[in-house]
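First residue of the sequence shown: 1, per full-length UniProt numbering; consecutive thereafter.
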Amino acid sequence: MLELLFVIGFFIMLMVTGVSLLGILAALVVATVVMFVGGLFALTIKLLPWLLLAIAVVWAIRAIKSPKLPTYQRNNRFRY
1 MLELLFVIGF FIMLMVTGVS LLGILAALVV ATVVMFVGGL FALTIKLLPW LLLAIAVVWA
61 IRAIKSPKLP TYQRNNRFRY
């Protein structure tokens, strides 16, 4: 929501200062891309504790429920 308000305010300020329409569109595209990348980065930082928790849970489950299979040994490798 704040990104949208920023882009609208940015557009209005460029119109008020007298920048050409092509300059306004180019600036809007650049501002939209920058805000999109910033939003993705903020979302990644926000979700980082949950991602680390999921990794820890998977690691703990694999450590507890490790398969009890015998190790495969190839002693007779060249015997046919």
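No residue lacks a Cβ here, since even glycine has one placed at the ideal position from N, Cα and C.
Small disclaimer: the values here were computed from a predicted structure and weren't measured.
If you draw a straight line from the C-alpha of residue i to the C-alpha of residue j, how long is it?
i: residue 26; j: residue 10; result: 12 Å
i: residue 13; j: residue 44; result: 31 Å
i: residue 6; j: residue 54; result: 34 Å
i: residue 3; j: residue 35; result: 6 Å
i: residue 28; j: residue 40; result: 18 Å
i: residue 32; j: residue 56; result: 36 Å
i: residue 52; j: residue 1; result: 28 Å
i: residue 22; j: residue 37; result: 23 Å
i: residue 58; j: residue 42; result: 25 Å
i: residue 63; j: residue 30; result: 47 Å
Consider the C-beta atom of residue i and the heavy atoms of the ligand PLP; say whether any pair is separated by less than 6 Å.
i: residue 16; result: Ligands in the displayed structure: none, and consequently the ligand PLP is not present.
For residue i, which of helix, strand or coil comes out of DSSP?
i: residue 46; result: helix
i: residue 19; result: coil
i: residue 35; result: helix
i: residue 1; result: coil
Rounded to whole angstroms, how far is the Cβ of residue i from the Cβ of residue j, which I believe are closer than 8 Å?
i: residue 24; j: residue 15; result: 7 Å
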